[in-house]
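Accompanying notes for the structure given below.
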Ligand SMILES: [Zn+2]
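In structure tokens, the structure reads:
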């Protein structure tokens with residue numbers, strides 16, 4: 016999705032305005048989507064971008080022109096990754112102290128310079144025109160939350176489901192089994208629309224969720240196949256499987272492959288040994 020350009024700010028519904036984080040790149044596509052939510056004199060900010068120059072002006076402008084001069088209210092965050100939470104210190108410095116709320120990830124939150132208020136699974140947030148329910152959806156990150164917008168039967172999916180490309184399941188904090196479980200649980204929701212953390216909005220949520228699940232299960236089958244054929248290292252698996260992926264994304268692909276292997280290991284379907292040089296080798300259990 017690198018190279019995709021979208022407007023810096025757009026109204027997506029009567030109660031949803033997207034403001035881009037101005038941080039395009041190989042892993043962020045056209046940049047992080049941050050959202051101003053509500054219809055009244057105060058708007059919730061969902062995610063804060065990466066703290067890129069120019070974002071605060073864009074946010075000010077969106078409040079003034081797309082939100083009728085509304086004030087900035089509370090800040091909600093989908094997860095601790097720097098392209099979602101990194102802009103929070105600048106937002107507070109500019110707009111004044113306010114609550115920044117997310118599910119805790121203590122090892123990571125320790126390094127964040129703003130105070131964090133804790134969100135629990137199922138917690139509700141309201142402002143004029145908007146009722147949001149937090150849904151804990153670990154897998155991409157342990158603190159990952161989606162937010163369900165009742166008025167539109169819409170889901171803000173952060174990095175769990177993207178508007179373009181596929182999400183990385185990182186070694187630090189990622190878990191493929193939990194990720195698949197989170198996707199499957201979201202299928203139980205009545206959804207009309209997905210507002211992702213990156214890229215355009217998605218109009219057929221159930222189809223997209225099933226596509227994401229199928230894609231991961233297909234990768235899992237591919238990994239099991241090449242391991243059964245005698246491919247033992249993650250690097251070789253990436254070379255064999257990710258033939259249509261640019262090489263600069265291979266390290267990220269390697270993290271996802273390793274997350275798959277971790278899941279297969281827990282399920283006793285793959286096993287790992289270390290050779291004399293300390294290199295990992297995988298085999299089918
Ligand atoms: Zn992330």
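Numbering (the working numbering), first residue to last: 16 to 300.
Beta carbons are placed, not taken as given, at the ideal position from N, Cα and C, and that holds for glycine.
Bridge-paired residues (DSSP) for residue i
{"i": "residue 116", "result": "91, 132"}
{"i": "residue 142", "result": "145"}
{"i": "residue 49", "result": "34"}
{"i": "residue 28", "result": "31"}
{"i": "residue 44", "result": "40"}
{"i": "residue 299", "result": "285"}
{"i": "residue 162", "result": "149, 171"}
{"i": "residue 210", "result": "171"}
{"i": "residue 239", "result": "Residue 239 pairs with nothing; no bridge assigned."}
{"i": "residue 59", "result": "52"}
{"i": "residue 217", "result": "209"}
Nearest-angstrom Cα separation, counted from residue j out to residue i
{"i": "residue 266", "j": "residue 168", "result": "36 Å"}
{"i": "residue 245", "j": "residue 74", "result": "53 Å"}
{"i": "residue 129", "j": "residue 190", "result": "27 Å"}
{"i": "residue 158", "j": "residue 151", "result": "7 Å"}
{"i": "residue 262", "j": "residue 247", "result": "20 Å"}
{"i": "residue 210", "j": "residue 34", "result": "12 Å"}
{"i": "residue 87", "j": "residue 280", "result": "46 Å"}
{"i": "residue 178", "j": "residue 48", "result": "10 Å"}
{"i": "residue 258", "j": "residue 252", "result": "10 Å"}
{"i": "residue 195", "j": "residue 154", "result": "7 Å"}
{"i": "residue 132", "j": "residue 90", "result": "10 Å"}
{"i": "residue 103", "j": "residue 289", "result": "42 Å"}
{"i": "residue 50", "j": "residue 32", "result": "6 Å"}
{"i": "residue 121", "j": "residue 98", "result": "18 Å"}
{"i": "residue 22", "j": "residue 42", "result": "18 Å"}
{"i": "residue 72", "j": "residue 255", "result": "45 Å"}
{"i": "residue 123", "j": "residue 243", "result": "37 Å"}
{"i": "residue 111", "j": "residue 237", "result": "51 Å"}
{"i": "residue 184", "j": "residue 28", "result": "30 Å"}
{"i": "residue 83", "j": "residue 109", "result": "19 Å"}
{"i": "residue 297", "j": "residue 182", "result": "24 Å"}
{"i": "residue 162", "j": "residue 127", "result": "22 Å"}
{"i": "residue 107", "j": "residue 188", "result": "27 Å"}
{"i": "residue 46", "j": "residue 38", "result": "4 Å"}
{"i": "residue 271", "j": "residue 141", "result": "36 Å"}
{"i": "residue 173", "j": "residue 291", "result": "41 Å"}
{"i": "residue 113", "j": "residue 241", "result": "51 Å"}
CB contact flag (residue i, residue j, <8 Å)
{"i": "residue 30", "j": "residue 145", "result": "yes"}
{"i": "residue 117", "j": "residue 160", "result": "yes"}
{"i": "residue 277", "j": "residue 249", "result": "no"}
{"i": "residue 306", "j": "residue 218", "result": "One cannot answer for residue 306 here, as it falls past the ends of the chain, which runs 16 to 300."}
{"i": "residue 58", "j": "residue 85", "result": "yes"}
{"i": "residue 76", "j": "residue 24", "result": "yes"}
{"i": "residue 66", "j": "residue 105", "result": "yes"}
{"i": "residue 36", "j": "residue 70", "result": "yes"}
{"i": "residue 147", "j": "residue 164", "result": "yes"}
{"i": "residue 44", "j": "residue 135", "result": "no"}
{"i": "residue 198", "j": "residue 221", "result": "no"}
{"i": "residue 143", "j": "residue 55", "result": "yes"}
{"i": "residue 202", "j": "residue 170", "result": "no"}
{"i": "residue 287", "j": "residue 295", "result": "yes"}
{"i": "residue 26", "j": "residue 81", "result": "yes"}
{"i": "residue 149", "j": "residue 138", "result": "yes"}
{"i": "residue 275", "j": "residue 226", "result": "no"}
Residue i CB to nearest heavy atom of ligand 1 below 7 Å
{"i": "residue 267", "result": "no"}
{"i": "residue 158", "result": "no"}
{"i": "residue 174", "result": "yes"}
{"i": "residue 94", "result": "yes"}
{"i": "residue 230", "result": "no"}
{"i": "residue 99", "result": "yes"}
{"i": "residue 155", "result": "yes"}
Cβ of residue i within 8 Å of any chain D Cβ
{"i": "residue 281", "result": "Absent here is chain D; the protein component of the structure consists of one chain."}
At least 3 beta-carbon pairs within less than 8 Å: the region 52-62 vs the region 80-94: yes
Validate contact between the region 226-241 and the region 204-216 using beta carbons, cut 8 Å, 3 pairs: no
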